[in-house]
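Here the structure is laid out as structure tokens; the discussion comes afterwards.
Numbering (my numbering), first residue to last: 5 to 214.
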């Protein structure tokens, strides 16, 4: 997998955006420097069933339009139905060995919160790991314990080669230090989804990787 895909990794669902603005925000971000998109439709008012599939198809159309890889968070059936580019799994989701059987030629990402989690995970079967949360975040209720830049650095020291995207409470002021700590990219939710100037802020994130 090309590590550059991870540089500006946008994660979003309808719950993360102002009401009715989801697709508008996606298109603005996609044309302004996003390198990968993860569809994560979770939360109290998240779409389910057919409504979720209909929206996901629209997301796929946008991803194809801007040639951005589409990763589905956790939802194996949706990833298969859409023929998405990949799937991202947490430590308690579908086992990686099973995921690789289902998605032999797709991108598989895995959330890792420490070197201990790394050691007990089948990382040889994944294409990248999402390491964090680096900082406190309100976007994910199940984000786990904050690991800081040191935690990120520890995982990178443990494996010098695996592609890493850092996640969790990341703001513009953190990106340079995150790169120095060994991440190949940053995964953000609210930095784009809650931005008042989506195109400008996405371009700003992208500029750190020029």
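Even glycine gets a Cβ: it sits at the ideal position worked out from N, Cα and C.
Being a predicted model, the structure only gives us computed values, none of them experimental.
Reference residue 17, options 70, 131, 72, 77, closest by Cα: 77
Using CA coordinates, which residue listed in 124, 85, 193, 11 is at the minimum distance from residue 21? 193
Integer Cβ distance of residue 173 from residue 151, believed to fall under 8 Å: Rounded, the Cβ-Cβ distance is 11 Å, inconsistent with contact.
Within the stretch 79-122, ranges of the alpha helix (DSSP H) (whole runs, at least 4 residues): Taken in chain order, the whole alpha helix (DSSP H) runs of length 4 or more contained in the stretch 79-122 are 80-86, 100-106.
For residue 64 and residue 87, what's the separation of their Cα atoms in angstroms? 9 Å
Taking all protein chains shown into account, decide if residue 187 is buried (16 or more other Cβ within 10 angstroms of its Cβ) or exposed. Of the residues assessed, residue 187 falls on the buried side of the cut-off, its CB having 16 or more other CB atoms within 10 angstroms.
Test item: CB-CB of residue 82 and residue 104 under 8 Å: no
Can you tell me which of the three DSSP states residue 3 falls into? Past the boundaries of the shown model lies residue 3; the chain is included only from 5 to 214, so the question cannot be answered.
Could you give the first and the last residue of the continuous alpha helix (DSSP H) run that contains residue 53? 53-70
Three-state secondary structure (DSSP) at residue 190? strand
Proximal residues to residue 97 (C-beta, below 6 Å), its chain only, five neighbours per side dropped: The answer, listed in chain order, is 78.
Where residue 133 sits in the DSSP three-state scheme: In the structure shown, residue 133 falls within a strand segment according to DSSP collapsed to helix, strand and coil.
Quick one: what does DSSP say residue 43 is sitting in, helix, strand or coil? strand
Mark residue 44 as exposed unless 16 or more other C-beta atoms lie within 10 angstroms of its C-beta, in which case mark it buried. buried
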